[in-house]
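Chains as they are written, first to last, in the UniProt record's numbering: chain Z, 1 to 326; chain D, 1 to 335. Some notes on the structure that comes next.
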């Protein structure tokens, strides 16, 4: 049984100019202990889908799905109270902006202990000991002293470590990391990523890593979902994705990795992700795709078989037959 | 913290001098003088008038009058009332508890109703509750105090006969002033019904005086709360699986209260201004009514000394709010 199973999850927002579909029928399966990467540009609905799962979207959002199951338990049928027992203890999440994700009015210790108070039976002393232990585990020096520090007294990297300590306080089975390193210095990014992977391995915890950095995906994930404009355009194991992307969008993302660039100028993908008003007919990627033809502009593309990365494309790249023929 | 306090207190000195000048000048701008007002309908000969003015020292140049007033202030002398011949500071502190009791009661009502109303209006944004509260706040803020007070008197004192029209307590009760707070003194007196009488006298003026601060606090709480509810740390609190009451009541409210506390502090000035009208309507024997009466009598020393004392209290409360601000907002606390 998969740890998490989402089928046909959609999120739409009520806006002044009508509903806007930010996430359009995504499927996600996570096995225990596995690292799944979700990549895509800003605005492709990566975060929104996960926030929808966590129930963290504003009231203007509507989440629909054929299945939202955690360890086989249907989360759609749960009451708020039952959901909250899972959220924060069995499924935890960390966010992009660690500095603003911590409450400025409370000490770091209070915020970590609060998570323990909500989900464990530990007494006051037990919670304090556990908080120190957690801060140690995430590499915060002098944890006893840091317990009484306020968030504004900490750096971004330290704040993210606190967020990780808080999220892993109740030993979650699934950690959702929403661009956990985007707001940090490059040197700190690697440290935080290593920390996450160490914790993940040590505790056998599954992780969904949301990022727009293909390099991060290459180092961490086992399977990758590429998301564009709310749709999953490709799903592949990371081992084959980098050599044989099947969707033109994946291929373009890979070409834009500086380390892989072969020309003097770094290739870019012209245009931006379509928003509410400019969703094209046919394939959503067609206005930015250099291989698009009339069919792409009028007919919604089919889902290709597994051998083609389940790409949502009329003309998937790196066809196994072509590759072997070449 | 010491440096912070010292710098705050240093700022008070020019404010103090400014207020003393305004208070001194303002009452002398009004036509008439204390002698004419005391004489009333009786005819006073110009010679007699000049003699009394000379006796009171009001015939000296204004600059000299101001300097001698300032000299007295520096020695802690706020002057002596022309009418009662009693010290201004003494009269002030006799009457101040009545105003303080009324103001405290009003601010308690304003905070106790305004903060929860603002929080619920923000949480249920756009609902009928939100719209009702914000509509009522606008009406409350816009309504002239004296008119609102009279309406309440007509309804509750006149038609329904639930509350007395004026004063602090029924004339049936007499007991010595212990604390100056009628609610406490009436309890200490052990006289049956005295406390109830004090409450029934206090309730209407408190509501009238609370109206504007209540409206301001409700609106300020709502907007602060709306802003805070969209913050990342509120999302973090939800992601911990905390119940909604804790997310809103602890994580969001604590941050939303920072601007609200400032607002509450600023309402002290509004309360003092409101107290002048409210006390006049309800014949509440506090410093507001005392100031109005003294203005009508052109009792120069009382008006200039009383205004200065009121200003000092407002300055002191604002200082206390600044300190409290540091307590609730760790980011401005001294490191």
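Positions of the beta carbon are idealized from the N, C-alpha and C atoms, including for glycine. What you are looking at is a predicted structure, and each value in this text was computed from that prediction instead of being measured.
Beta-carbon neighbours of residue i, restricted to chain Z and to distances below 9 Å
i	result
residue 227 of chain D	Near residue 227 of chain D there are no residues of chain Z at all, since even the closest Cβ is about 13 Å away, more than 9 Å.
residue 201 of chain D	The premise fails here: residue 201 of chain D is roughly 40 Å from chain Z at the closest Cβ pair, so nothing lies under 9 Å.
Residue of the options minimising C-alpha distance to residue i
i	options	result
residue 43 of chain Z	Z/186, Z/20, Z/56 and Z/30	Z/20
residue 295 of chain D	D/187, D/272 and D/83	D/83
residue 10 of chain Z	Z/2, Z/17, Z/18 and Z/26	Z/26
residue 254 of chain D	D/138, D/187 and D/115	D/115
residue 119 of chain D	D/65, D/260, D/69 and D/208	D/260
residue 252 of chain Z	Z/275, Z/223 and Z/213	Z/213
residue 37 of chain D	D/328, D/48, D/188 and D/297	D/297
residue 37 of chain Z	Z/202, Z/224 and Z/72	Z/224
residue 249 of chain D	D/308, D/268 and D/122	D/122
residue 65 of chain Z	Z/308, Z/176 and Z/7	Z/7
residue 104 of chain D	D/139, D/148, D/302 and D/275	D/275
residue 216 of chain D	D/24, D/183 and D/270	D/270
residue 313 of chain Z	Z/145, Z/300 and Z/161	Z/300
residue 148 of chain Z	Z/81, Z/106, Z/5 and Z/280	Z/106
residue 6 of chain D	D/319, D/265 and D/74	D/319
residue 22 of chain D	D/323, D/303 and D/321	D/303
residue 52 of chain Z	D/299, D/323, D/317 and D/238	D/238
residue 195 of chain D	D/15, D/171, D/42 and D/61	D/171
residue 198 of chain Z	Z/62, Z/33 and Z/79	Z/33
residue 102 of chain Z	Z/90, Z/142, Z/132 and Z/154	Z/154
residue 35 of chain Z	Z/89, Z/201 and Z/125	Z/201
residue 132 of chain D	D/144, D/146 and D/117	D/117
Amino acids of chain D, ordered along the chain, whose beta-carbon sits closer than 7 Å to that of residue i
i	result
residue 56 of chain Z	235, 238 and 239
residue 84 of chain Z	241 and 243
residue 309 of chain Z	None at all; the shortest Cβ gap to chain D is about 32 Å.
residue 119 of chain Z	241
Exposure of residue i, with buried meaning 16 or more beta-carbon neighbours within 10 Å
i	result
residue 2 of chain D	exposed
residue 179 of chain Z	buried
residue 204 of chain Z	exposed
residue 194 of chain Z	exposed
residue 261 of chain Z	exposed
residue 292 of chain Z	buried
residue 365 of chain Z	Within the shown structure, residues of chain Z are numbered from 1 to 326, placing residue 365 of chain Z beyond reach of any answer.
residue 284 of chain D	buried
residue 233 of chain D	buried
residue 77 of chain Z	exposed
residue 68 of chain D	exposed
residue 45 of chain Z	buried
residue 251 of chain D	buried
residue 64 of chain D	exposed
residue 190 of chain D	exposed
residue 114 of chain Z	buried
residue 71 of chain D	exposed
residue 335 of chain D	Its pLDDT being 44, under 50, residue 335 of chain D is placed unreliably in this model, and the coordinates cannot settle the point.
residue 309 of chain Z	buried
residue 148 of chain D	buried
residue 48 of chain D	exposed
residue 11 of chain D	exposed
Contact belief for residue i with residue j at Cβ below 8 Å, rounded distance in angstroms
i	j	result
residue 54 of chain Z	residue 208 of chain Z	Not really, about 11 Å apart at Cβ, beyond 8 Å.
residue 311 of chain Z	residue 238 of chain Z	Between residue 238 of chain Z and residue 311 of chain Z the Cβ distance is about 16 Å, and since that is not below 8 Å, they are no contact.
residue 201 of chain D	residue 168 of chain D	5 Å
residue 272 of chain Z	residue 228 of chain Z	Contact doesn't hold; Cβ gap of about 11 Å is too wide.
residue 153 of chain D	residue 165 of chain D	6 Å
residue 47 of chain Z	residue 14 of chain Z	Their Cβ separation, rounded to whole angstroms, is 19 Å, which puts residue 47 of chain Z and residue 14 of chain Z out of contact at 8 Å.
residue 43 of chain D	residue 35 of chain D	The pair is not a contact, with the Cβ atoms about 12 Å apart (cut-off 8 Å).
residue 221 of chain Z	residue 242 of chain Z	Residue 221 of chain Z to residue 242 of chain Z, Cβ: 11 Å. No contact.
Contacts of residue i in chain Z (Cβ-Cβ under 8 Å)
i	result
residue 231 of chain D	100
residue 254 of chain D	103, 105 and 106
residue 331 of chain D	104, 150 and 152
Any non-hydrogen atom of the ligand NAD within 7 Å of residue i CB
i	result
residue 202 of chain D	Judged by which ligands are present, the structure shown has none, so any question about the ligand NAD falls away.
7 Å Cβ cut-off: residues of chain Z touching residue i
i	result
residue 259 of chain D	The premise fails here: residue 259 of chain D is roughly 13 Å from chain Z at the closest Cβ pair, so nothing lies under 7 Å.
Under 8 Å from the C-beta of residue i: neighbouring residues of chain D
i	result
residue 179 of chain Z	What residue 179 of chain Z touches in chain D: nothing, since even the nearest Cβ is about 13 Å away.
residue 93 of chain Z	239
residue 89 of chain Z	241
residue 131 of chain Z	Result: empty, since nearest Cβ-Cβ is about 14 Å, beyond 8 Å.
Proximal residues of chain D, C-beta to C-beta of residue i below 9 Å
i	result
residue 115 of chain Z	240, 241 and 242
residue 97 of chain Z	232
Any 3 or more C-beta pairs closer than 8 Å across the region 256–275 of chain D and the region 114–124 of chain Z: Between the region 256–275 of chain D and the region 114–124 of chain Z there are fewer than three C-beta pairs closer than 8 Å, too few to call the two in contact.
Given 8 Å, three or more beta-carbon pairs between the region 123–141 of chain Z and the region 156–167 of chain Z: Yes: the two stretches touch, three or more of their Cβ pairs being nearer than 8 Å.
Touching by the beta-carbon criterion (3+ pairs, under 8 Å), the region 240–247 of chain D and the region 284–293 of chain D: The region 240–247 of chain D, when compared against the region 284–293 of chain D, does not touch it at the 8 Å Cβ threshold.
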